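Peer 1: Handing you a structure now.
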Amino acid sequence: MHPRPKLFHGKFRLGNISPGNKHSLRPFSSDNNPLPIVTELISNQHWRSLKTHLLDANATTLLQQLLDSRIDPCLTLRYYKWSEEEFNLSHSLEHSCMLLHSLANSKEYSKMRSFLYGFVKNENHISVSSIFHAISISGDSFCAGSIIADMLILTYVNHMRSHLGFEAFKRAGDYGFKLSVMSCNPLLSALVKNEKVEHMEYVYKEMIRRRIEVNVISFNTVVNGLCKVGKLNKASDVVLDMKAWGILPDVITYNTLIGGYCKKGRIGKMYKADAILKEMIASEVRPNEITFNILIDGFCKDENLSAAMKVFGEMQTQGLKPTVVTYNSLINTLCLEGKLDEAFCMLDEMVGSGLKPNVVTYNALINGYCKKGKMKEATNLFDDAVRQGISPTVITYNTLIDAYCKCGRMEDAFALRESMVDRGIFPNVSTYNCLIAGLCREGNIAVVRKLINEMQNKGLKVDFVTYNILVGALCKDGQSRKAARLLDEMVKIGLRPNHVTYNTLMDGYCREENLRAALNVKTQMEKERMWPNVVTYNVLIKGLCKKGKLKDANGLLNEMLEKGLVPNRTTYEIVKEEMVDKGFVPDIEGHLYNISGS
DNA sequence: TTAGGGTTAG
1086 MHPRPKLFHG KFRLGNISPG NKHSLRPFSS DNNPLPIVTE LISNQHWRSL KTHLLDANAT
1146 TLLQQLLDSR IDPCLTLRYY KWSEEEFNLS HSLEHSCMLL HSLANSKEYS KMRSFLYGFV
1206 KNENHISVSS IFHAISISGD SFCAGSIIAD MLILTYVNHM RSHLGFEAFK RAGDYGFKLS
1266 VMSCNPLLSA LVKNEKVEHM EYVYKEMIRR RIEVNVISFN TVVNGLCKVG KLNKASDVVL
1326 DMKAWGILPD VITYNTLIGG YCKKGRIGKM YKADAILKEM IASEVRPNEI TFNILIDGFC
1386 KDENLSAAMK VFGEMQTQGL KPTVVTYNSL INTLCLEGKL DEAFCMLDEM VGSGLKPNVV
1446 TYNALINGYC KKGKMKEATN LFDDAVRQGI SPTVITYNTL IDAYCKCGRM EDAFALRESM
1506 VDRGIFPNVS TYNCLIAGLC REGNIAVVRK LINEMQNKGL KVDFVTYNIL VGALCKDGQS
1566 RKAARLLDEM VKIGLRPNHV TYNTLMDGYC REENLRAALN VKTQMEKERM WPNVVTYNVL
1626 IKGLCKKGKL KDANGLLNEM LEKGLVPNRT TYEIVKEEMV DKGFVPDIEG HLYNISGS
């Protein structure tokens, strides 16, 4: 492809002289109007004859004349494409936009779409601002300009350029072009997918401010974006907004909100999810299979299998048939709890009801075997899946690779990595993370370095999990100070340390009995508005107890409760072994017996 | 153009 010339400012100028035509620049004269003949030639695709005619003019001048005339813009488009190809030239952005204006006026939308793709597909694309400038000066129909802007945004979004789509959305506002849901909804959705929720919020607010038409899909997408980043209160506010706009929440709105609470909600999240379900039913929106699947999976992830099974029963009472997804959630949970027999019973039930297990089902079961270290059975299941015509995915391989690493069979792990490539499945960051973690366990730092280099050569970026593994490895090796420096490195490359990162580092300091440093990490977390979780407290309480600082540990226990965090089984074990058994009675003793009994 | 399930780090 040839880079297009920059936009011509001011009046159109004669440029782009076609090769082999250097001696003659005379345009077609008005008294000897060749347009009817030229139109005829283009229409019949008599390109050779047209080329002969062009000896008297240049390609750009003819384009200008076609654009100035009232001829069918589709013919002008045909000529535009042919002349670019034939004379190895790029028409100006202004001419391109003039053509887009006439295509828009003739409602030739599909032709506009493919034409606009030309603006987007090149890596060295034309800047959004110059396109908008060209749109505004190359036609006087505000309506056509709006359509072009709208389609341009959609083109960016459809070709994975949502950042440019977002920029174009802002520009469209500057020029006052009126956009539609046809482009704004896909833009909202793309911004959510690319985790640009703040940009999504901006687009949403602007849609309302600019009085762009919004529909139930716009609201649902916004609710989904907010749920994904845990802004659940804001998501609920958007549901109120939509009602205020006279748009009633539908089953997707409610499912999204319930799913948001199931995944990101904190204490009592399932209670809240259940409350939304009740509100949904009260609003006469009927829950569907997906509603039940979300709830079942929510209870499963909340380690409440009995509640999940109850919802599973309720689903069937309501006359809804469980789907593959329903069974997969339950099978996965049973596998993670080590209840493989029950998982296989569930599989039988699933098959018995006419459902075919898919790769997710197999991945869950393979993982079940892997977690028990039953590699032979896991491999057999893998072969079984392949025989059934189910193609393994990168997750299937990662599951097996991780299991081999965890039982110290590094050679088998690396061999599997080779065989996945043979199958055309390429290792991803997680594959490398599993291998790196395995090598770290063995203390084989030299190979870890080699793997990280290899990843980078393959264009794979290390992620926060990679760093967390490395932080953990250094901490275990008594090099917590060095691990702390990795956190700075993470921030430098744009990765945000998460709870695991901080908790791992804190644990390292506690092992080194450097409690001051460990408590400083907690302060650092709080400064970053990353609120300590149960694991944070468990690590610190254990560290303080080991140093005999039982009163301080007790203080932290109280702080944890005041913050509404629920102590878990590990908390109980620490407190029992380190405090109660040593004759110290913590303030939360009664509370702890409740947990131990649960 | 909107909602659900499977792998890796504490």
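Its first residue numbered 1086, the first sequence is counted upward by one per residue in the numbering used here. Glycine included, every Cβ here is placed at the ideal spot set by N, Cα and C. Remember, predicted model here, so these are calculated numbers, not experimental data.
1. For Ser1168, which of helix, strand or coil comes out of DSSP?
2. For Val1556, which of Lys1543, Ile1521 and Gly1649 has the nearest alpha-carbon?
3. Less than 8 Å between the beta carbons of Glu1539 and Met1495, yes or no?
4. Let's test the definition: count the other Cβ atoms within 10 Å of the Cβ of Cys1269 and tell me whether it reaches 16, buried, or not, exposed.
5. Is Cys1525 closer than 8 Å to Ala1488 when the C-beta atoms are compared?
6. Count the other CB atoms, across all protein chains shown, that sit within 10 Å of the CB of Asn1643; report buried if there are 16 or more and exposed otherwise.
7. Could you tell me the distance, in whole angstroms, from the CA atom of Ala1500 to the CA atom of Phe1172?
8. Specify the secondary structure class of Arg1198 as computed by DSSP and reduced to three states.
9. With burial defined as no fewer than 16 other Cβ atoms inside 10 Å of the residue's Cβ, what is the status of Arg1256: buried or exposed?
10. Give, in chain order, every unbroken run of the beta strand (DSSP E) that is at least 3 residues long and sits entirely within the region 1172-1256.
11. Under the assumption that Thr1341 contacts Cys1312 (Cβ atoms under 8 Å), give the Cβ distance between them as a whole number of angstroms.
12. Between Tyr1412, Ser1134 and Glu1193, which lies nearest to Lys1441 when the distance is taken from Cα to Cα?
13. Run the CB neighbour count on Arg1111, radius 10 Å, all protein chains shown included, and call it buried at 16 or more, exposed below.
14. Between Phe1397 and Ile1381, which are expected to be in contact by the criterion C-beta below 8 Å, what is the C-beta distance as a whole number of angstroms?
15. Using a threshold of 8 Å, state whether the C-beta atoms of Val1336 and Thr1376 are closer than that.
16. Give the straight-line distance between the Cα atoms of Gly1350 and Val1576, rounded to the nearest whole angstrom.
17. Take Ile1361 and list the residues in its own chain whose beta-carbon comes closer than 8 Å to its own, dropping the five residues that flank it on each side.
18. Let's see if you can read the secondary structure: which residues bound the alpha helix (DSSP H) around Asp1497?
19. Give the list of continuous alpha helix (DSSP H) stretches no shorter than 4 residues that lie fully inside the region 1367-1418.
20. State the DSSP-derived secondary structure class of His1131, mapped to helix, strand or coil.
21. For the pair the region 1235-1251 and the region 1206-1216, tell me if three or more CB-CB distances fall below 8 Å.
22. Could you check whether Ile1220 and Ile1233 sit closer than 8 Å to each other, using their CB atoms as the reference points?
23. Would you kindly work out how many angstroms separate the C-alpha atoms of Leu1264 and Ala1275, rounded to a whole number?
24. Count the other CB atoms within 10 Å of the CB of Thr1146; is the residue buried (16 or more) or exposed (fewer)?
25. Hey, could you find the ends of the alpha helix (DSSP H) Gly1523 is sitting in?
26. Helix, strand or coil for Ser1265? Go by DSSP, reduced to three states.
Peer 2: Based on what the coordinates show:
1. helix
2. Ile1521
3. no
4. buried
5. no
6. exposed
7. 54 Å
8. helix
9. buried
10. none
11. 6 Å
12. Tyr1412
13. Residue placement at Arg1111 is flagged as unreliable, the pLDDT there being 41, under the threshold of 50; the coordinate-derived value follows with that caveat. Looking at its Cβ environment, which holds fewer than 16 other Cβ atoms inside 10 Å, Arg1111 is exposed.
14. 6 Å
15. yes
16. 27 Å
17. Tyr1339, Leu1342, Ile1343 and Tyr1346
18. Met1495 to Asp1507
19. 1374-1386 and 1390-1402
20. coil
21. yes
22. yes
23. 17 Å
24. buried
25. Val1514 to Glu1527
26. coil
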